[in-house]
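The numbering of the sequence shown is my numbering, which starts it at 1 and goes up by one.
Notes follow the structure.
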Amino acid sequence: CLKNVFSVILILIYLLLMAVAVFLVYQTITDFRQKLKHPVMSVSYKEVLVYDAPGIALYPGKAELLSCKHHFYDHIPPLTHPGEPGEIQCNTQRINYTDPFTNQTTKYALIVEGPTDVQKRELVFLQFHLNETEQDFSAIDYLIFSSFKRFVKSSDKAGFMKDCESSFSSWKFSGGFRTWVKMSLVKTTEEDGLESVEFRQETSVVNYIDRRPHPAKSDQLFFVVFEWKDPFIQEVQDIITANPWNMIALLCGVFLALFKAADFAKLSVKWMIKIRKRHLKKKARQMNHIS
Numbered sequence: 001c002l003k004n005v006f007s008v009i010l011i012l013i014y015l016l017l018m019a020v021a022v023f024l025v026y027q028t029i030t031d032f033r034q035k036l037k038h039p040v041m042s043v044s045y046k047e048v049l050v051y052d053a054p055g056i057a058l059y060p061g062k063a064e065l066l067s068c069k070h071h072f073y074d075h076i077p078p079l080t081h082p083g084e085p086g087e088i089q090c091n092t093q094r095i096n097y098t099d100p101f102t103n104q105t106t107k108y109a110l111i112v113e114g115p116t117d118v119q120k121r122e123l124v125f126l127q128f129h130l131n132e133t134e135q136d137f138s139a140i141d142y143l144i145f146s147s148f149k150r151f152v153k154s155s156d157k158a159g160f161m162k163d164c165e166s167s168f169s170s171w172k173f174s175g176g177f178r179t180w181v182k183m184s185l186v187k188t189t190e191e192d193g194l195e196s197v198e199f200r201q202e203t204s205v206v207n208y209i210d211r212r213p214h215p216a217k218s219d220q221l222f223f224v225v226f227e228w229k230d231p232f233i234q235e236v237q238d239i240i241t242a243n244p245w246n247m248i249a250l251l252c253g254v255f256l257a258l259f260k261a262a263d264f265a266k267l268s269v270k271w272m273i274k275i276r277k278r279h280l281k282k283k284a285r286q287m288n289h290i291s
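The following block contains the structure:
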């Protein structure tokens with residue numbers, strides 16, 4: 001009797017183990033599918049000595065570009081004749097194209113080649129001038145795109161700028177201030193292998209002390225500086241942490257345990273049947289002997 005009870009307990013234990021094994025198989029497959037659907041974001045930083053010159057698209061409207069110069073080591077010489085035309089030492093191009101959002105308005109853009117030498121802290125300093133305006137507030141829009149060289153080599157510059165305006169965010173800098181823009185570059189690699197570029201920026205604004213004669217102060221002056229924040233490109237990519245070999249190894253172990261448990265249960269059942277038959281034969285003999 002004790003042997004029968006012990007065999008029943010063993011069968012129940014192995015049935016419980018089989019249930020646990022089945023649950024582990026289900027949980028493993030579910031986790032694997034979840035990891036495939038939700039990859040982990042990996043962030044790394046790549047140091048560079050020289051950046052590819054970005055393109056800076058400015059939308060001055062009625063404002064006039066007075067000067068544009070490259071300086072180094074965060075040093076900008078004092079302004080000698082503010083509000084008057086100065087040297088334009090930057091590579092610039094002017095272009096008109098149709099607004100990609102309305103397809104009706106024609107936009108005028110001034111494209112300037114951005115800084116490249118981050119080790120020498122190269123910067124681009126621009127000065128704009130705007131005559132009297134009826135607006136209460138004055139500002140100039142701008143956006144930054146990845147490569148000035150690609151824009152120059154493009155056969156369809158208007159289409160190129162439409163794509164840039166649709167893909168990149170635009171910002172503003174106000175008149176009467178010096179706006180210092182520090183740029184950083186983020187490259188993101190998608191699951192399908194496509195790479196996208198995003199510019200992030202930190203902006204500081206300093207009030208301009210206008211010492212011009214009072215009649216000249218009716219005109220608005222704009223000052224903006226573009227510089228790289230640091231020599232590190234942030235690279236972001238999605239990594240699938242699900243390892244199929246680990247899942248296969250775990251499933252093999254689970255199925256092996258299931259087969260062993262099933263084999264043991266089969267032997268236990270045969271042994272119980274054998275014990276039961278032997279017990280019935282013995283009981284039949286005792287009854288015959290009594291008769």
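Idealized CB from N, CA, C, for every residue including glycine.
Being a predicted model, the structure only gives us computed values, none of them experimental.
Residue pairing by DSSP places HIS129 opposite GLU64, LEU221 in a beta bridge. Within the stretch 72 to 107, there are no complete alpha helix (DSSP H) runs of at least 4 residues.
By the beta-carbon neighbour count (other beta carbons within 10 angstroms, threshold 16), GLY253 is exposed. Contact between SER154 and PHE160 is confirmed by a C-beta separation of about 4 Å, below the 8 Å threshold. Counting C-beta atoms within 10 angstroms of its own C-beta, ALA284 has fewer than 16 neighbours from the protein chains shown and is therefore classed as exposed. Contact check between the stretch 193 to 211 and the stretch 177 to 185: three or more CB pairs, one atom from each, fall below 8 Å, which counts as touching. By the beta-carbon neighbour count (other beta carbons within 10 angstroms, threshold 16), PHE151 is buried.
Taken in chain order, the unbroken stretches of beta strand (DSSP E) that lie wholly in the stretch 156 to 221 and span 3 residues or more are 170 to 174, 177 to 189, 195 to 207. Using a Cβ distance threshold of 9 Å, GLY86 and PHE226 do not count as a contacting pair. For LEU130, the closest C-alpha among the options GLU195, THR106, GLU122, ALA139 is that of ALA139. Under the three-state reduction of DSSP, VAL118 is assigned to coil, being neither helix nor strand. Within the same chain, Cβ atoms closer than 6 Å to the Cβ of PHE168 are found at LEU143, PHE145, the five residues on either side in sequence being excluded. Comparing alpha carbon positions, the residue from PHE255, GLY176, GLN93, LYS282 closest to VAL25 is PHE255.
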